[in-house]
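For reference, the structure discussed in these notes is given below.
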Amino acid sequence: MLETKVDGRLASIELTLESGLSSLKTNMDAQFARFEASLHKSQADTLKWLVGIVLLLGTIGLAIMTFLFNKVPPKAPSAMPLIVITIPTAPHSMPGDSPASSTSHTPDERH
């Protein structure tokens, strides 16, 4: 008799434990499903914000470059110093020089 009473109590404890574990498993599965759904939503939101920020920064950069190229005057080239080249001229003939003495002789004419 004692044995049947213990067996009955053990069976009821086992049944209670199995039903508790079953409900716990069902509850945990539902919680994980909700967490996974919120994780996917947050990933989609993060990607959306990231794409928006990248597009915004690109647009701002393009606007700044356009402004700088159109409104800022280009630098004037630096003035290079002038280079003056003087070529010496042939010496002028003096009043006492004769034209014959200033002509050059060819090697055949020299004796």
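For this note's numbering, add 76 to where a residue sits in the sequence shown, where the first one is 1.
Backbone N, C-alpha and C fix where the C-beta goes; we use that ideal spot for every residue, glycine too.
Computed from a predicted structure; not experimentally measured.
Run of the alpha helix (DSSP H) containing residue i, from where it starts to where it stops
i	result
Leu-158	Per DSSP, Leu-158 belongs to no alpha helix (DSSP H) and is neither H nor E.
Ile-136	78-147
Inter-residue Cα distance where the pair is residue i and residue j
i	j	result
Ile-89	Ala-113	36 Å
Leu-123	Ile-129	10 Å
Gln-119	Gln-107	18 Å
Gly-84	Met-77	11 Å
Pro-167	Leu-158	27 Å
Cutoff 7 Å; reference residue i; Cβ partners in own chain excluding five residues on either side
i	result
Leu-100	none
Residues of its chain near residue i, where Cβ-Cβ distance is below 8 Å and the 5 sequence neighbours each way are ignored
i	result
Val-127	none
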